[in-house]
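Some notes on the structure that comes next.
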Amino acid sequence: METITLQEFQDRCRAQGVPREHIAFKCPRCGTVQSMASLAEAGCPRDNLEKAIGFTCEGVFSNIGGFRPFRATRELPLRGCDYSLGPRHAHADLAVVHLGHSYEHFAVATPEEAQSLYRVISLLGELFEAADADAEGETSA
Ligand SMILES: [Zn+2]
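Using my numbering, the first residue of the sequence shown is number 152, and each one after it goes up by one.
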């Protein structure tokens, strides 16, 4: 496990060069690159995003979350696994030290990985909006 300061952690996040909700981390078990935006797409409740990011793999939401039927109709692959950091899963790749405390966290993704996910999520958003607009057109016609 790598141990870094909060400053170093923030520097790595900034180096990704993406908007805050697209800052990406990697699940230590399945390696899925994920951000708050991708967690939201997977079905993570909005008010849980800050707590889940870097701690709970996207698969926890995409594989068992209430949004699964929604995802299935879109024919999008489900990503991630059921991994979550915690006492029973002490396999974090990263520990962030701040004010004498150490916090386990998923590793920060590389700028390339973060930007690649950012592009995919942005594209998905556009596709979903187009599909929703089509669906609305059909129901009102
Ligand atoms: Zn995972």
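All C-beta atoms in this analysis are idealised placements derived from N, C-alpha and C, irrespective of residue type, glycine included. Predicted model only: the values in this text are computed from it and were never measured.
Taking Glu-263 as the reference, give the member of Cys-181, Glu-159, Gly-168 with the closest Cα. Gly-168
Which value, in whole angstroms, describes the spacing of the CA atoms of Asp-233 and Glu-159? 28 Å
Quick one: is the Cβ of Gly-205 within less than 7 Å of any heavy atom of ligand 1? no
Any idea what DSSP makes of Gln-158, helix, strand or coil? helix
Cβ contact (3+ pairs, closer than 8 Å) linking the segment 198-214 and the segment 275-286: no
Do we get a CB-CB distance below 8 Å when we pair Leu-275 with the residues of chain C? Here there is only one protein chain, and chain C is not present.
From which residue to which residue does the alpha helix (DSSP H) around Ser-235 run? Run containing Ser-235: none; DSSP gives neither H nor E here.
Three-state secondary structure assigned by DSSP to Glu-255: The answer is strand: DSSP assigns Glu-255 an E or B state.
Taking C-beta to C-beta, are Ile-155 and Val-247 nearer than 8 Å? yes
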